[in-house]
Every structure is written in C-alpha cells, then in structure tokens.
Amino acid sequence: MATVNDLVLVHIDNKPGFYARIEDIVPDVKPGWWQVRLLVLTVPLQVFTWILDESQLNGAPYTMGGTPVRLDKVVAPATPTPEKETSPAKPGPALVEKGAKQGGGAKVVSLAERKKKD
Numbered sequence: 031m032a033t034v035n036d037l038v039l040v041h042i043d044n045k046p047g048f049y050a051r052i053e054d055i056v057p058d059v060k061p062g063w064w065q066v067r068l069l070v071l072t073v074p075l076q077v078f079t080w081i082l083d084e085s086q087l088n089g090a091p092y093t094m095g096g097t098p099v100r101l102d103k104v105v106a107p108a109t110p111t112p113e114k115e116t117s118p119a120k121p122g123p124a125l126v127e128k129g130a131k132q133g134g135g136a137k138v139v140s141l142a143e144r145k146k147k148d
C-alpha cells in the first residue's frame with residue numbers, strides 16, 4: 031500500500047497523467063475509506079484531497095466522474111553496485127603543454143595556474 035511520503039504516478043484515462051507525493055492519509059467518516067492528501071508535482075504545485083479506499087491506494091483502478099484513474103507507487107530503480115577494480119586505474123586525459131614530448135614524459139598543466147598568469 032502507498033503510504034505517506036510515497037511518490038505515485040497518477041494515470042488518468044489509462045495514460046500517465048502526473049506525479050504526486052502523498053502528504054497525508056487520514057480516516058474518512060465513512061468506514062474503510064481514507065482522505066488522501068496529494069501534493070501534485072506540477073508548476074505551480076497543487077494539493078488535492080481524494081477520498082479513496084485501501085484497494086485504490088494499492089493500485090486498483092477506479093473512476094472519478096466516469097474517467098478511469100489509477101495510482102501506481104513509484105519505486106526507484108536499483109542502483110548498480112560499483113565493481114571493484116582489478117587493474118590499476120588508468121590516468122585520465124592530461125593536458126599537454128606546447129612543445130612537450132608526446133612520449134611518456136607529457137607534462138600536466140594546471141588550468142588554475144595558467145589562469146593566474148593571464
């Protein structure tokens with residue numbers, strides 16, 4: 031079930047409509063229903079309060095005024111874990127001063143120092 035501070039994608043008419051963050055969920059006067067306050071992530075920001083039941087918060091489709099609506103909880107993609115390097119790190123590209131040999135003796139020029147000279 032989507033809970034407070036979850037990010038949801040709201041589908042309107044079976045198409046992605048907008049993203050929103052669930053700000054608050056409080057019981058409605060009608061048993062089994064909830065007042066869900068959504069911070070709609072549009073410009074300008076808007077706040078909606080919808081009365082939904084638990085299945086609708088879980089992603090079940092429903093209608094509002096005859097228009098199909100569905101909430102999908104947004105889950106961040108898994109972050110790949112960095113692999114450990116087995117070989118020594120190769121140095122990145124270095125700036126070569128004019129006239130320096132292109133062999134193994136290239137000189138790295140500091141851009142900060144070069145800027146001070148100008």
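Numbering (our numbering), first residue to last: 31 to 148. Beta carbons: idealized from backbone N, C-alpha and C, even for Gly.
Rounded C-alpha distance that separates residue i from residue j
i: V105; j: S140; result: 43 Å
i: V126; j: A32; result: Residue placement at V126 cannot be trusted, given a pLDDT of 49 that sits under 50; what the coordinates show is reported in the next sentence. Taking the straight line from one Cα to the other gives about 56 Å.
i: M94; j: V66; result: 15 Å
i: K137; j: P110; result: 36 Å
i: L158; j: V77; result: As displayed, the chain neither begins before 31 nor continues past 148, which places residue 158 out of reach and without an answer.
i: W64; j: F48; result: 21 Å
i: V151; j: D58; result: The structure shown has nothing for residue 151, since the chain only spans 31 to 148.
i: P91; j: E84; result: 12 Å
i: Q86; j: G62; result: 11 Å
i: A50; j: E113; result: 35 Å
i: D36; j: K60; result: 24 Å
i: T79; j: G96; result: 18 Å
Beta-ladder partner(s) of residue i, from DSSP
i: A50; result: V38, V70
i: K45; result: I42
i: P57; result: W64
Where the alpha helix (DSSP H) containing residue i begins and where it ends
i: L75; result: Run containing L75: none; DSSP gives neither H nor E here.
i: E113; result: Neither: E113 is in no alpha helix (DSSP H) and is coded neither H nor E.
i: S85; result: 84-87
Residue i and residue j closer than 8 Å at C-beta
i: L75; j: G89; result: no
i: L68; j: I52; result: yes
i: N44; j: P107; result: no
i: K103; j: V56; result: no
i: V34; j: D54; result: yes
Contact with chain C by residue i, beta-carbon distance below 8 Å
i: D54; result: Included in the structure is just one protein chain, with no chain C present.
Start-to-end residues for the beta strand (DSSP E) that takes in residue i
i: K103; result: 97-103
i: T33; result: From DSSP, T33 is part of no beta strand (DSSP E); its letter is neither H nor E.
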